[in-house]
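In my numbering, the protein residues as written are 14 to 116. For each residue, glycine too, the CB sits at the ideal point set by N, CA and C. Here's the structure, in structure tokens; my notes come after.
This is how it looks when you write it as structure tokens:
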């Protein structure tokens, strides 16, 4: 028995904490990226550097795509991504704090 994409979306109610954490970390990453660019940091990722020039594309990739992923992906499969996003956010916060303390 196979399930379709929309039938699997019914799993959204299960693992809500994981899915909400994934989306929240993606939104937080977007906010940190915008703040860093505003403060004069250079974006190291060439794909994101390109997307910064097209704000609608940046919003689609950093907000809409994570929402779709969270909707269709089982929560336990998001755990490695959540861990990686948390590490990236911690690194970015550390870099911002060091920059602000020096300046």
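8 Å Cβ cutoff met for residue i and residue j
| i | j | result |
| --- | --- | --- |
| residue 80 | residue 36 | yes |
| residue 102 | residue 45 | yes |
| residue 95 | residue 38 | yes |
From the options, residue whose alpha carbon lies closest to that of residue i
| i | options | result |
| --- | --- | --- |
| residue 74 | 60, 107, 31 and 52 | 60 |
| residue 48 | 114, 106 and 87 | 106 |
| residue 42 | 109, 115 and 27 | 109 |
Integer Cβ distance of residue i from residue j, believed to fall under 8 Å
| i | j | result |
| --- | --- | --- |
| residue 83 | residue 92 | Actually they do not touch by this definition, with Cβ atoms about 12 Å apart. |
Length of the line joining the Cα atoms of residue i and residue j
| i | j | result |
| --- | --- | --- |
| residue 14 | residue 30 | Since pLDDT at residue 14 reaches only 45, below the 50 mark, its modelled position is unreliable, and no value is offered. |
| residue 69 | residue 51 | 17 Å |
| residue 27 | residue 34 | 13 Å |
| residue 76 | residue 115 | 32 Å |
| residue 32 | residue 67 | 27 Å |
| residue 111 | residue 104 | 11 Å |
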